[in-house]
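Only one structure is covered here, and it is reproduced in the block below.
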Amino acid sequence: MTQKIRFTKMHGAGNDYIYVDATRNPLQNPGELSVAWSRPHTGIGSDGLVLIGRSDVADFSMRIFNADGSEARMCGNASRCIGKYVYDEGLTNRTTVTLDTLSGIKTLVLHPGPDGRIATVTVDMGAPRDLRTVDLGDGYGFRHGQFVSMGNPHLVLFVPDVEAVDLAAIGPRLERHPQFPGGINVEFAQILSGGRIRMRVWERGSGITQACGTGACATAVAASLVRLTERTATVVMDGGEVTIEWRESDGHVYMTGGAVKVFDGEIELTTE
Ligand SMILES: N[C@@H](CCC[C@H](N)C(=O)O)C(=O)O
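Note that our numbering has the sequence shown beginning at 44, numbered continuously upward.
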């Protein structure tokens, strides 16, 4: 049987995912589809697949699959894009919506642009957890990093020059460091002037991406923790920037950044 699946390609700071409204297009094997559809030459090309669904406890739900098919607990850039999707597609007319994720319910505040569509979104990412300094041992060229959980795990390494880091070589080795049996997202960060941080990321399950929302949060938290920045910072990634505030009053991390629709499409799915 051949089924046509409607999808929307969106990106947040260049972190691009295929978004499927799973209420209209239920998918049986999203992990496998994420692998096939994420391939640049034979698929649609993306960093992974995101399913937008219903929830009993929030306005909408999100499931996020990396390009290797693994399911992650949270995605910062996708949560902003879902905010844009549900508003622009008329699934809600509210500018504050809740999103059920594997790492808990997140609140999104949607900011419309002059055309009435959502331009930017602020996400309450919750409190960072398990903050600690990690000794990576010998053989990596980088001895110490900061571990931060933003619902998913991150290793942040501060370096004098991020452009000099061979991310394609060191990224996969650190992703599978024995201290992180479930794998880890790796961020290299360089402190710039004026509360700005330049960051490059190797994402668990997707490799080098142009941006990572949870990674930007982890980076800003780590920088503030080791007193390299104040509690608010702009994180500059390959595909764009986001502003992160680690709010003192509630200990939550608030991420604000853009969400962009690239195109709508339809892809055929053949099932037995
Ligand atoms: N790009 C995302 C994070 C996606 C999941 C991550 N690769 C993981 O496996 O934890 C973001 O914007 O946060």
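Glycine included, every Cβ here is placed at the ideal spot set by N, Cα and C.
Just verifying my parser: in three-state terms, what is the DSSP assignment at residue i?
i    : result
G238 : coil
D173 : strand
N120 : helix
G225 : coil
V129 : helix
V202 : coil
E311 : strand
E230 : strand
G188 : strand
A162 : strand
A302 : coil
Please classify residue i: is it buried, with 16 or more other beta-carbons within 10 angstroms of its beta-carbon, or exposed?
i    : result
Q233 : buried
K149 : buried
E230 : buried
D293 : exposed
N58  : buried
H197 : buried
S252 : For the record, residue 252 in the displayed sequence is Thr; it is not Ser. Under this definition T252 is a buried residue.
K127 : buried
Y130 : buried
N195 : buried
A212 : exposed
G55  : buried
V269 : exposed
V205 : buried
A276 : buried
Can you name, in chain order, every residue of its own chain whose Cβ lies under 6 Å from the Cβ of residue i, other than the five neighbours on each side?
i    : result
L271 : I234
S267 : R274 and W289
A121 : Y60, V93 and I107
T141 : A101, D102, I148 and T150
G226 : E218 and R247
E114 : F108
What residue does the alpha helix (DSSP H) around residue i start on, and which one ends it?
i    : result
T257 : G256 to L268
A212 : L210 to E218
E75  : P73 to S81
At which residues does the beta strand (DSSP E) containing residue i begin and terminate?
i    : result
P155 : G147 to P155
I95  : G91 to G96
I61  : N58 to D64
V140 : T139 to T144
H54  : T45 to G55
S104 : F103 to N109
T85  : Looking at the DSSP string, T85 is not in any beta strand (DSSP E), and its letter there is neither H nor E.
T286 : G283 to W289
M280 : T275 to M280
G294 : Looking at the DSSP string, G294 is not in any beta strand (DSSP E), and its letter there is neither H nor E.
For residue i, collect the residues of the same chain with a Cβ closer than 7 Å to its Cβ; drop the 5 residues on either side in sequence, then sort them by chain order.
i    : result
S192 : P171, R172 and D173
A162 : H154, P155, G156 and G301
V176 : Per the sequence shown, the amino acid found at residue 176 is Thr instead of Val. So the qualifying residues of the chain are H187 and Q189.
F185 : L179 and L200
Quick one: residues in its chain with C-beta nearer than 8 Å to the C-beta of residue i, no 5 flanking neighbours on either side, listed in chain order?
i    : result
P203 : Q233
I310 : K47, I48, F50, W80 and I87
R3   : No statement about residue 3 is possible, as the shown extent of the chain runs from 44 to 315 and does not include it.
Q222 : V177 and L179
Heavy atom of ligand 3 less than 7 Å from the Cβ of residue i, yes or no?
i    : result
I287 : As for ligand 3, it is missing from this structure, which binds only ligand 1.
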